[in-house]
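Trainee:
Number of protein chains: 2
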Amino acid sequence: MKKYYPLLSHSPLFTGIGPGDFDTMLHCLGASLRSYPKGQTVYFEGDTVTEIGLVVSGRLHLVKDDVWGNTSIVTEIAPPEMFGEAVVCGGTSRVPVSVIAKEDSVILFIDYKRIVTTCSSACAFHAKLIRNMIRILAQKNILMSTKMEHITQRSTKEKLLSYLMEQARQAGSRTFDIPYNRQELADYLSVERSALSAEMSKLKADGVIDYKKNHFEIRREGA
Amino acid sequence: MKKYYPLLSHSPLFTGIGPGDFDTMLHCLGASLRSYPKGQTVYFEGDTVTEIGLVVSGRLHLVKDDVWGNTSIVTEIAPPEMFGEAVVCGGTSRVPVSVIAKEDSVILFIDYKRIVTTCSSACAFHAKLIRNMIRILAQKNILMSTKMEHITQRSTKEKLLSYLMEQARQAGSRTFDIPYNRQELADYLSVERSALSAEMSKLKADGVIDYKKNHFEIRREGA
DNA sequence: TTTCGTTCGTTGGAAATCCAACCGATAAGA
DNA sequence: TCTTATCGGTTGGATTTCCAACGAACGAAA
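In order, the protein sequences belong to chains A and B. In terms of the numbering used here, the first sequence opens at residue 1 and continues consecutively. In terms of the numbering used here, the second sequence opens at residue 224 and continues consecutively.
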């Protein structure tokens, strides 16, 4: 267990918790490590869960099966990411996806109740954990809202501009770098890469934006 | 203040709090009521905020101005809904939208720190409030994830089927009712109403689904 | 019953997107 | 250097979506 402490201390859930507190804390939380060989299913879609999972080793896939058998990968989870926190904290209980180990993996499970129930020994880190959890959920909310705002735009052009303006706003400047290449940006905005490239070229030709690789500039607003 | 207690007791933030506790609680939280005449701006986009707002009377609009002056309504907030909780709890501080009173409105403001900092008098409701807040954020997460899953589908047909399958899953049956009319469903999936109607007709003709008004049946899976 | 408003399906032409393919530029490796 | 792989822009035709408009069905109000 101890060998994972350095990793765990970088997890958003445990930020602000001193390394010296991990022993007490994990014991108080009743956290348990479980190993899954490559290919094994951690959760089946629809399973009832009460624990938050934190991958400490390996790699997981969250997958969704549509009713006629096609499975699509929703996300990949790598150390030290969490999964299941929204379902568990929301009290929904039933996971909407299946979780599969794509490599031999080790997962730290923590019972949600043990986090939010301040224990009799009044461990100091409960408050910290709770604030961390709230922050994690809230930030995820903001990320999703932002993305939603972009992809609900009608056209590829509007999606792109919505995204670029947001980036400019965050950078506080008309020039900025974006963290995606074209394909990744297309995926994020859920548009075609070629259509995206075409729109970008058009906007550049119209003098609305300029760019080179991942560096962008917003030159003029308007149609 | 007291006249709002019945309303507040139906707010997700205060579920499980006894009516008798409101006096103590609101005082302990340092909650304050502020009134805004119709048309007045509550927050300007980019303002730094540390309080969660809870509308107890009136109606607010969250609006976003794109850089060339067009403003679009992101959401309407009506009693007893909250706003700003994701930003405040996420520690981002700067609101990404402007908040405007569309009618004479009264808002209850609560400092986030006072919620998560258990007070010296150890008020029993802090723990409850925190759990409520976590649940609210987590459920919003799930709602958004679900919607995102539908909207990121490529075509109108796939968006529709993704939504309908989700509804069937939730209902635990191949037949179910949906809470939207056609226009609302189109807005939710961010597609055209007419294109949606057309796809629905086609799917019905192909024997994939059947429907009448808001009542649907999934008959056959596959292309 | 008549009238009016709303909802929903349909349609046709314009516009946008998808898809596969190709090419040039650049970087990495042999 | 030559080869290979990746990335990004472009292109053209098939497909889908958009948009405005219309009409049928239904329910509420007069």
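Glycine included, every Cβ here is placed at the ideal spot set by N, Cα and C.
Can you grab the Cα-Cα spacing for the pair F14/A / L54/A, in whole Å?
Mentor: Going from the Cα of F14/A to the Cα of L54/A covers about 11 Å.
Trainee: Can you pull the chain B residues whose beta carbon is under 7 Å from the beta carbon of P140/A, in chain order?
Mentor: Note on identity: in this sequence residue 140/A is Lys, with Pro being the wrong assignment. Chain B residues near K140/A: N364.
Trainee: Within 10 angstroms of the Cβ of Y180/A, are there 16 or more other Cβ atoms? Answer buried if so, exposed if not.
Mentor: Label assigned to Y180/A: exposed.
Trainee: Using a Cβ-Cβ cutoff of less than 8 Å, which residues in the same chain neighbour L203/A once the five nearest sequence positions on both sides are dropped?
Mentor: Around L203/A: K157, L160, L161, I209.
Trainee: Give me, in chain order, the residues of the same chain whose beta-carbon lies closer than 6 Å to that of E308/B; leave out the 5 immediate sequence neighbours on both sides.
Mentor: The answer, listed in chain order, is I275.
Trainee: Of all the options K436/B, A254/B, G239/B, Y335/B, which has the alpha carbon lying nearest to the alpha carbon of D400/B?
Mentor: Looking at the Cα atoms, K436/B is the closest of the given residues.
Trainee: Judging by CA-CA distance, which residue of Q390/B, S420/B, A409/B, N355/B is the nearest neighbour of F439/B?
Mentor: For F439/B, the nearest C-alpha among the options comes from Q390/B.
Trainee: Return the CA-CA distance between V63/A and T117/A, expressed in angstroms with no decimal places.
Mentor: C-alpha separation (whole angstroms): 31 Å.
Trainee: Listed from N- to C-terminal order along the chain, which residues in the stretch 295-319 of chain B have their beta-carbon within a distance smaller than 9 Å of any beta-carbon of chain A?
Mentor: Listed in sequence order: V297, E308, A309, V310, V311, C312, G313, G314, T315, P319.
Trainee: Closer than 8 Å, Cβ to Cβ, to anything on chain B: give me those residues from the stretch 126-158 of chain A, in chain order.
Mentor: Listed by position, the residues of the stretch 126-158 of chain A near chain B (Cβ gap below 8 Å) are A127, I130, R131, M133, I134, R135, L137, A138, Q139, K140, N141, I142, M144, S145, T146, K147, M148, E149, I151, T152, R154.
Trainee: What residue ranges within the stretch 35-120 of chain A form continuous alpha helix (DSSP H) runs of no fewer than 4 residues, ordered along the chain?
Mentor: Listed in chain order, the complete alpha helix (DSSP H) runs (minimum 4 residues) inside the stretch 35-120 of chain A are 85-90, 112-116.
Trainee: Three or more C-beta pairs under 8 Å: does that hold for the stretch 303-322 of chain B against the stretch 259-273 of chain B?
Mentor: With the cut-off at 8 Å, the stretch 303-322 of chain B and the stretch 259-273 of chain B touch.
Trainee: Could you tell me which residues DSSP puts in a beta bridge with K436/B?
Mentor: Its beta-bridge partners do not exist; DSSP assigns none.
Trainee: Is any beta-carbon of chain A found at less than 7 Å from that of S417/B?
Mentor: Output row for S417/B: interface = no.
Trainee: If we ignore side chains and look at the alpha-carbon of each, how far apart do A446/B and L108/A end up?
Mentor: Since pLDDT at A446/B reaches only 42, below the 50 mark, its modelled position is unreliable, and no value is offered.
Trainee: Just the Cα atoms here: how many angstroms apart are D21/A and H27/A?
Mentor: For D21/A and H27/A, the distance between alpha carbons rounds to 10 Å.
Trainee: Which residues in the same chain have their Cβ closer than 7 Å to the Cβ of E304/B, if we skip the five residues on either side of it in sequence?
Mentor: Only V278 meet the Cβ criterion.
Trainee: According to the neighbour-count rule (16 or more other Cβ atoms, all chains shown, within 10 Å of its Cβ), is K140/A buried or exposed?
Mentor: Classification of K140/A: buried, given that the 10 Å Cβ count is 16 or more.
Trainee: For I17/A, name the three-state secondary structure that DSSP assigns.
Mentor: Correct three-state label for I17/A: coil.
Trainee: Please compile the residues from chain B whose C-beta is within a distance smaller than 8 Å of the C-beta of V116/A.
Mentor: Simply A350, I353, R354, I357.
Trainee: Can you look up A446/B in the DSSP assignment and give me helix, strand or coil?
Mentor: Any reading at A446/B must be qualified, since the residue scores a pLDDT of 42, below 50, and its modelled position is unreliable; no value is offered.
Trainee: Tell me whether I401/B sits in a helix, a strand or coil according to DSSP, three-state version.
Mentor: Here I401/B sits in coil by DSSP.
Trainee: According to DSSP, simplified to helix, strand and coil, what is S155/A?
Mentor: Looking at S155/A - three-state DSSP - the assignment turns out to be coil, as it is neither helix nor strand.
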